[in-house]
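Protein chains in written order, with this note's numbering: chain H, 1 to 294; chain G, 1001 to 1294; chain V, 2001 to 2294.
Dropping the structure here:
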């Protein structure tokens, strides 16, 4: 694996090799000693940025957080020149978040053969490390990922998290991905998905429920009356969770809008694996980096 | 010692153990290798932030400076979710500065048994590492801390530095803490303190004089005519310093308003230990971290 | 070498010793283990800041990027107090960029005998590490630096890059430094320089052409009609480059204004060593740091 740009670029074998790597990491380790990793976040983020920063530092890498606000791109330097300059400085791996879809596909063309690139989220397209940490978390709870009902609920249309997760589940052989969303927020490429007609259909006998963050600005834009209405129709509440299997796990990529897409007591409850996802995020990102530099 | 939130939580023995740790630290050391420390500064600060950053790095820790301005708390994430998310990422110790009193008391409840918490200043309540570095500095100059006259001068009422220092001196057995301030800026809990009626009483035969930074906005608010008036009545000048013992040391937590609470020539003079305080700050914070993870 | 403030402070022997150091560095190395380096950039910069950050980290130093926007200097602390406070915290080397000429000359006076200082660019005065990386790059392409024609083209008057490079070439014994610029942007101290009357004179038979970044605000200020006009008269185009020697190398300190001072195809072409300069920047800064702490 040279880059990690689109989860669809990975085979089932590669994903399993990354998970094996994750489960065998020891700390402090030095797999990336002498390597330099640059975090280029063109969109604000603390959560994912810190997760990557910790992952790289735990592996012994030198980490540079590029301050985009003060960078030469603000002086009119092209993205290409920024990337190639950093690469010339000896950056061995770029971790890039960008609001534009497919930015990494473009960046990839400018890289030397040895330089690595990890997509940390591009527009509403892909967020492959999130998909890896999500499926890694599922696998810690469910023995056979192929034969379980996984329901993804919320703004699927604009969600790179959902996109990458669906792709990753397809690669891993799951054929029971259910989605439920306000009509305007349903996925545009619904193949291989079971579109649910109501929350009940999505929740019933589910093994895994993935709630997505709803961006408040979407609600107004898509004619959803208000947050309460969203919570009532598309939020996960205790009543609705009872429809799922008794050992159903509840996931959320964070940050959580408590009381909007999910009731607080569920986010903090026994079935929630939200903090496990966060924990696995660092681990899986370490594994991806270690695997790339093997 | 699990956390360091309020200096009053420490016994005399613990304080002495930390000072022993400080005096035996060697550099580069690796007591915190493989540990991750997050600096969460909700108030601007460079001085204390860098002091903690250096202390943690010198011990071999991975240090994350959380950019609060760009963090998820700005997206409406609760402080609890921010803390628990970082903790799930593997942060082993939090260093927190916050404008609200007792923030660390709240944060403490959300932490796992092994996670450490250091209060780097909360409102006008506590700044325990400052008290430790101050008393550590005094002990380098005065053999017996119990029998010396220590005068704290300035805005004691709003000063977490003064609060923690007074508590720490009490724990260490000093019974001669004098304070002098504009009436409106006297401490609200004056027990165990000797309130001086004028600068002369505070300075006379003092072994240690601690000048506090006056925030310029307080001056207007508390009907002090102007900075010159403040300097004249409450600033340390050469004349006033002559009233103290000949080996009296002059302290200030910094940053110094030269010509306001202290004359420049004293700040830079032989009796000033201001830069020693800064130096000991890194050392004592290293000692606190090393001691916590022992 | 205690500090690196002005390239003119270095002898030819010292420069050669730094270059030898650069060519023998191995990675990961630990020459600066246990040392702390503070980057104090009072002017925005990513390129030079990251280059120094990487150089220091690759040597095993603890690196502190001081956030000037949030620092105590904003609270009215003097520059002297900021420097002395950081020094007391154990900073072993300062890397300073400032918009005022000779800031480092002033800072130098406040430092302890063991503390190092590197000028990372001051006003339009000096940028000594840029001169070192530029001449290091030239030496990788030209056997004898004394006997080659080097032409520097653009806003020489306001360029610390040009200033330091000219000084460094003088030290290394080159006597064929040609400059070409709009009349208002010619150097104010033209001794030892050959002022060209047109681009043709500068480019003809040149071994090295150094194009300088033109700041767009200068163009209006100095009555140059527009960017196209500047490009036509002072920009490097394929036609003009043909006048130079066939093995002439093209340099630029970056960031490049493509289509203004240089045609894109030249910046990316075979004769361009722009990315080599960037690469050598990290290496030479490592060498300077390692050499200082020897």
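Backbone N, C-alpha and C fix where the C-beta goes; we use that ideal spot for every residue, glycine too. Note that the coordinates shown come from a computational prediction; the quantities given were computed from them, not determined experimentally.
Cβ separation of residue i and residue j, assumed to be a contact under 8 Å, to the nearest whole Å
i: residue 97/H; j: residue 53/H; result: Actually they are not in contact, since the Cβ atoms of residue 97/H and residue 53/H sit about 13 Å apart, beyond 8 Å.
i: residue 2089/V; j: residue 1278/G; result: 6 Å
i: residue 1022/G; j: residue 1287/G; result: 4 Å
i: residue 2157/V; j: residue 2187/V; result: 6 Å
i: residue 2153/V; j: residue 2209/V; result: 7 Å
i: residue 87/H; j: residue 59/H; result: Going by Cβ atoms, the distance from residue 87/H to residue 59/H rounds to 20 Å, so no, they are not a contact pair.
i: residue 1180/G; j: residue 1151/G; result: 7 Å
i: residue 214/H; j: residue 261/H; result: 5 Å
i: residue 1265/G; j: residue 1250/G; result: About 11 Å separates the two Cβ atoms, so there is no contact after all.
i: residue 1137/G; j: residue 1280/G; result: 5 Å
i: residue 290/H; j: residue 31/H; result: 4 Å
i: residue 319/H; j: residue 2005/V; result: Because chain H is modelled from 1 through 294, residue 319/H falls outside the range shown and cannot be assessed.
i: residue 2202/V; j: residue 2178/V; result: 5 Å
i: residue 192/H; j: residue 170/H; result: 6 Å
Residue-level contact to chain H via CB, residue i, 9 Å cutoff
i: residue 2265/V; result: no
i: residue 1137/G; result: no
i: residue 2183/V; result: no
i: residue 2192/V; result: no
i: residue 2016/V; result: no
i: residue 2279/V; result: yes
Beta-bridge partners of residue i, as assigned by DSSP
i: residue 131/H; result: Its beta-bridge partners do not exist; DSSP assigns none.
i: residue 2158/V; result: None, per the DSSP bridge assignment.
i: residue 1100/G; result: Residue 1100/G pairs with nothing; no bridge assigned.
i: residue 2122/V; result: 2098/V and 2126/V
i: residue 2301/V; result: This structure does not reach residue 2301/V, given that chain V is present from 2001 up to 2294, and the question cannot be answered.
i: residue 2040/V; result: 2066/V and 2096/V
i: residue 15/H; result: The partner list for residue 15/H (beta bridge, DSSP) is empty, contrary to what the question assumes.
i: residue 2152/V; result: 2179/V and 2210/V
Chain V contact for residue i (CB, 9 Å cutoff)
i: residue 106/H; result: no
i: residue 81/H; result: yes
i: residue 13/H; result: no
i: residue 276/H; result: no
i: residue 1221/G; result: no
i: residue 1002/G; result: no
Any chain G beta carbon closer than 9 Å to residue i
i: residue 295/H; result: Since the first and last residues shown for chain H are 1 and 294, residue 295/H lies out of range.
i: residue 2077/V; result: yes
i: residue 240/H; result: no
#### Entry: Contact residues within the region 37–70 of chain H, judged by C-beta distance below 7 Å to chain G
44, 46, 47, 50, 51, 53, 54, 57 and 58
### Query
Along the chain, which unbroken stretches of the beta strand (DSSP E) at least 3 residues long are found entirely within the region 2164–2251 of chain V?
2177–2180, 2208–2211 and 2249–2251
### Where the region 2085–2113 of chain V meets chain G: residues whose CB sits under 9 Å from a CB there
2085, 2086, 2087, 2088, 2089, 2090 and 2091
### Ordered list of beta strand (DSSP E) runs contained in the region 2248–2277 of chain V, each at least 3 residues
2249–2251
### Task
Output, in sequence order along the chain, the residues in the region 2018–2036 of chain V whose CB is closer than 8 Å to any CB in chain G.
2033, 2034 and 2036
### Message
Counting only Cβ-Cβ distances shorter than 8 Å, please list the residues of the region 2245–2269 of chain V near chain H, keeping chain order.
### Response
2254, 2255, 2256, 2257 and 2258
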